[in-house]
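First to last, the sequence lines map onto chains A and B.
Mind the numbering: the first sequence is residues 1 to 273 in this note's numbering, read in order.
Mind the numbering: the second sequence is residues 1 to 273 in this note's numbering, read in order.
Number of protein chains: 2
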Amino acid sequence: MIDHHAAHPFDQALRLARSTDGAWEGATHPAYANMVGPFGGITAALMLHAVLGDPARLGDPLALTVNFAGPIADGPFRIEASAVRTNRSTQHWSISLSQNGAVATTASAVFAIRRETWSATEATMPAAPAFDTLNRYPGSLIAAWTRHYEMRFARGPMRIEADAPPLDDSVSELWLRDDPPRPLDFAALTALCDVFFPRLMVRRPGRVPAGTVSLSTYFHTDAAGLADQGTGPLFGRAQASHFGLGYHDQSAQLWGAGGRLLATSHQIVYFKG
Amino acid sequence: MIDHHAAHPFDQALRLARSTDGAWEGATHPAYANMVGPFGGITAALMLHAVLGDPARLGDPLALTVNFAGPIADGPFRIEASAVRTNRSTQHWSISLSQNGAVATTASAVFAIRRETWSATEATMPAAPAFDTLNRYPGSLIAAWTRHYEMRFARGPMRIEADAPPLDDSVSELWLRDDPPRPLDFAALTALCDVFFPRLMVRRPGRVPAGTVSLSTYFHTDAAGLADQGTGPLFGRAQASHFGLGYHDQSAQLWGAGGRLLATSHQIVYFKG
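See the structure below:
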């Protein structure tokens, strides 16, 4: 018997049971609730987790795109994941999450067998104050998921107060990890890539409706490389390149111990006003 | 009767005929051939073009992800595009290209009705020499598509010679447009986002096998905004953030007249060695 109370909330939220038709059944978890529906990062992690749990899966995640097509209601959902093409060292997956027969989220994932090659990093980690010297962001009472991440902002904090002054750019730089700390794996890294609030809220504080529409993440390490990270904090940076006509993009980089780039992630975000 | 010889090669390559089952039938075009199979940008443009031609399509393209799952042979192909979810102002599409019943390329597209909002650009166009002052890249004899784009490099040219010295970074900056010039539209912009050679070839010149695995593009303007661009050259910048374990990412920005950011595009690229 599994002791559900002992499991990390993230592992509870990832719990999927395979039904006889091959689909995965799960349910939204209150620890990762957003203002409306679940935190996008937990949904992205679930899409990847369904593939990671499939015995037909080849290699490690290389790329994941998640499209948030419609709202997800609190409660049960089904995830269907199928390998649309398997090559010698890569595998392409198509994934969808539905509730009551309606598709709410679609995704594609590329898995690959990674092999040692020449390596170099051009996106180097910015200089930042040490983790211990920064205050922890207390989290938001209206978005439960923010209290399950430890975020220590070096620059560009979340400022939801409508009277905070606008900034000249949308850059956030912060230390971040799961709370309680949890050994890093691909599902956790996927969710961590989406902890960056919509850049609009950094640049122009205020309570404006905003939400991710499409999210693409590239993984720059393999399972062994992630295991090296353990439970230590990551450092993240996010910035938008353009706001306009109701949408803005944002790009994020996540570095692990020793300034090693673990993932880069890009998204397009709806906003009102 | 359509005069096929009068059409721009890009429009010839985009030609799709709708079959009675709703799928689109097309064929690879020699003008956009790559060393093996077609140029990825023309394939990406075709995936979007199939949706643009569908009477059920809502609004303008906002995001497009294309996964190059397997090789495309010279010859005919079929594209199937279906709207998986239509909301009030957004629509999510799932698209696949197949040959002889085998899926070669998958894609997802988000379309949206764009409305005026607050706007700002953080990714500003780099300073660059004027278009007329730079020499045109002659194109490669072994990749026909390179001769159907006018590329004038300000920085980081393609150097396929194996004895060219390595560089400290993978940045390319260039003026670029269709050749012959063609009024900009979403299909052309999609293809232009993929004209940046694999960053490996800029940083470490040499003939190393490399190819895009997954490509995501975000559009920062609407159809009217693209029409303003006409046939003028765009300015593009591309850079990798990390190379390792057989893959590297790269991010590109494309600016139009007046330094207006038209699209940002990200991809993950396989490489050997």
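Cβ coordinates follow ideal geometry from the N, Cα and C atoms, glycine included.
None of the values given here were measured: they were computed from a predicted structure.
Query raised in the report: Comparing the C-beta of PHE243 of chain B with each C-beta of chain A, is any distance below 9 Å?
Result: yes
Requested in this report: Could you pull out every residue in the same chain whose Cβ sits closer than 6 Å to the Cβ of GLY70 of chain B, ignoring the five residues on either side in sequence?
Outcome: ALA104
Query - VAL269 of chain A, buried or exposed, once every other Cβ within 10 Å from all chains shown has been counted against 16 - result: buried
Query raised in the report: Looking at C-beta atoms only, is the number of pairs between the stretch 182 to 192 of chain A and the stretch 214 to 232 of chain A that lie closer than 8 Å three or more?
Result: yes
Report task. Could you say if the stretch 76 to 83 of chain B and the stretch 21 to 29 of chain B meet the contact criterion of at least three C-beta pairs nearer than 8 Å? Result -> yes
Query - Segments assigned alpha helix (DSSP H), at least 4 residues, entirely inside the stretch 129 to 166 of chain B - result: none
Requested in this report: State yes or no: is the beta carbon of GLN239 of chain B nearer than 9 Å to at least one beta carbon in chain A?
Outcome: yes
**Report entry** Span of the beta strand (DSSP E) around GLY237 of chain A
**Finding:** The amino acid occupying residue 237 of chain A in the given sequence is Arg; Gly does not appear at that position. Counting along the chain, the beta strand (DSSP E) containing ARG237 of chain A begins and ends at 234 to 239.
Query - chain A contacts from the stretch 153 to 184 of chain B (Cβ-Cβ distance under 7 Å) - result: ASP169, SER170
Report task. Could you please tell me which residues of the stretch 52 to 74 of chain A, in chain order, have their CB closer than 8 Å to any CB of chain B? Result -> LEU62, ALA63, THR65, ASN67, ALA69, GLY70
**Report entry** Coil, strand or helix - PRO38 of chain B by DSSP
**Finding:** strand
**Report entry** Interface partners of VAL103 of chain A on chain B, CB under 7 Å
**Finding:** VAL84, ARG85
**Report entry** Cutoff 9 Å: ALA6 of chain A Cβ touching any chain B Cβ
**Finding:** no
Query raised in the report: So ARG78 of chain A is in the alpha helix (DSSP H); what residue range does that whole segment cover?
Result: Counting along the chain, ARG78 of chain A falls outside any alpha helix (DSSP H), though it belongs to the beta strand (DSSP E) covering 76 to 86.
**Report entry** Within-9 Å CB hit, ILE79 of chain A to chain B
**Finding:** no
Query - PRO205 of chain A to ASP168 of chain A span [Cα, whole Å] - result: 12 Å
Query raised in the report: Using a C-beta cutoff of 9 Å, does LEU261 of chain B count as contacting chain A?
Result: yes
Report task. List the residues of chain B whose Cβ lies closer than 8 Å to the Cβ of PHE271 of chain A, in chain order. Result -> THR117
Requested in this report: Quick one: list the residues of chain A neighbouring SER98 of chain B, beta-carbon separation under 7 Å, in chain order.
Outcome: Going along chain A, no residue has its Cβ under 7 Å from SER98 of chain B, so there is no contact; the nearest lies around 10 Å.
Query raised in the report: Are any of the Cβ atoms in chain B nearer than 9 Å to that of GLY246 of chain A?
Result: yes
Report task. Determine the chain A residues that contact LEU253 of chain B at a beta-carbon separation under 7 Å, and present them in chain order. Result -> Leu is not the amino acid found at residue 253 of chain B; the sequence shown has Gln there. Within 7 Å Cβ-Cβ: SER241.
Query raised in the report: First and last residue of the alpha helix (DSSP H) that includes ASP249 of chain B?
Result: Counting along the chain, ASP249 of chain B falls outside any alpha helix (DSSP H), though it belongs to the beta strand (DSSP E) covering 247 to 255.
Query - Of the listed residues B:ASP54, B:GLY41, B:ALA31, B:PHE39, nearest to SER19 of chain B (C-alpha basis) - result: B:ASP54
Query - The beta strand (DSSP E) enclosing ASP60 of chain A, as first and last residue numbers - result: 60 to 68
Query raised in the report: SER214 of chain A bridges to which residues according to DSSP?
Result: A:ASN67, A:ILE268
Query - Strand pairing of ILE95 of chain A, partner residues [DSSP] - result: A:ALA81, A:ALA107
Requested in this report: Could you pull out every residue in the same chain whose Cβ sits closer than 6 Å to the Cβ of TRP255 of chain A, ignoring the five residues on either side in sequence?
Outcome: MET125, PHE235, LEU261
Query - Extent of the continuous beta strand (DSSP E) run through GLY26 of chain B - result: 24 to 27
Query raised in the report: Using the beta-carbon of each residue, which ones in chain B are nearer than 9 Å to GLU150 of chain A?
Result: Ordered by position in chain B, no residue passes the 9 Å Cβ test against GLU150 of chain A, which lies about 25 Å from the chain.
Requested in this report: With DSSP as the reference, label GLY258 of chain B as helix, strand or coil.
Outcome: helix
Report task. For chain B, find out if any of its Cβ atoms is closer than 9 Å to the Cβ of ARG207 of chain A; answer yes or no. Result -> no
Requested in this report: Taking only beta-carbon positions, decide if VAL36 of chain A is within less than 9 Å of chain B.
Outcome: no
Requested in this report: Examine chain A for any beta-carbon lying closer than 9 Å to the beta-carbon of TYR32 of chain B, and answer yes or no.
Outcome: no
Query raised in the report: Is the beta carbon of THR106 of chain B within less than 8 Å of some heavy atom of the ligand SAM?
Result: Summarising the ligand content, the structure contains no ligands, and the ligand SAM is consequently not present.
Requested in this report: Check MET1 of chain B in the structure and name its three-state DSSP category.
Outcome: Interpretation of MET1 of chain B is limited by its pLDDT of 48, a score under 50 that renders its predicted location unreliable; the figure taken from the coordinates is listed afterwards. If DSSP states are grouped into helix, strand and coil, MET1 of chain B belongs with coil.
Query raised in the report: Secondary structure at THR121 of chain B, three-state DSSP: helix, strand or coil?
Result: strand
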